[in-house]
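Notes follow the structure.
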Amino acid sequence: MIHKVRETDGLIGQGQTIGQVTKQIGVTEQTYFRWRKSHGGLR
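13 is the number of the first residue of the sequence shown in my numbering; add one for each residue after it.
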């Protein structure tokens, strides 16, 4: 899960939207934001 948050953050940093990235990794935006809230500080 933490790997997916990091992967998503990297893709967003490359200019993709959150919607595009969450679709690519197979989760909803709601799930991404929940993961981000729980694990976003673990870098």
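Just so you know, even glycine gets a beta-carbon here, dropped at the ideal spot from N, CA and C.
Boundaries of the alpha helix (DSSP H) around Gln-42: 41 to 51.
If you draw a straight line from the Cα of Leu-23 to the Cα of Thr-40, it comes to about 15 Å. Under the DSSP assignment, Gly-31 falls in the alpha helix (DSSP H) whose first and last residues are 30 to 37. Counting every other CB atom within 10 Å of its CB across the protein chains shown gives Thr-29 a total below 16, marking it as exposed.
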